[in-house]
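Structure record follows, encoded as structure tokens.
Numbering (our numbering), first residue to last: 4 to 162.
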């Protein structure tokens with residue numbers, strides 16, 4: 004009986020240790036390599052490049068404009084005004100995704116509020132560069148009303 008008790012006790016301790024280990028969960032925060040509130044203000048793109056396969060469009064190089072307004076909360080509005088079509092606006096929220104001690108610059112879009120995309124970034128206080136991987140953005144390359152998934156690269160300066 005004593006032997007059965009010890010076997011059960013060892014089993015319970017092992018189960019408790021296994022269940023108490025926290026899974027590696029994403030932590031969403033406004034504090035990371037820099038506070039998201041540091042981005043508050045108005046920004047103008049010097050580059051707004053959309054690429055897929057061998058097709059590439061830079062809205063700014065083509066004569067259009069891209070502006071972004073960021074609130075101290077991380078809420079933002081991005082207005083794209085390509086030269087060859089009507090302007091349009093997208094919005095969402097900027098934050099940090101912390102995973103296993105590493106911070107990723109992240110965006111949740113208002114049209115997909117339960118999901119977010121992560122981006123490479125650089126920021127020096129006056130210039131913000133955002134680089135996405137495949138399917139990190141969308142653009143209507145042939146102006147037919149259908150947006151295609153693509154890679155993005157934006158460079159913003161404070162305006």
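Cβ atoms here follow ideal geometry from the backbone N, Cα and C, with glycine treated the same way.
Model, not experiment: these values are computed from the prediction.
Item, Value
"Quick one: Cα of residue 88 to Cα of residue 132, how far?", "25 angstroms"
"Is residue 111 closer than 8 angstroms to residue 92 when the C-beta atoms are compared?", "no"
"Can you tell me where the beta strand (DSSP E) with residue 155 in it begins and where it stops?", "151-161"
"Would a C-beta distance cut-off of 8 angstroms place residue 100 and residue 121 closer than the cut-off?", "yes"
"Run through the DSSP bridge pairs and tell me what residue 99 is partnered with.", "32 and 108"
"Would you kindly report the start and end of the unbroken beta strand (DSSP E) that includes residue 79?", "78-84"
"Look at the alpha carbon of residue 33 and the alpha carbon of residue 45, and state the distance between them as a whole number of angstroms.", "19 angstroms"
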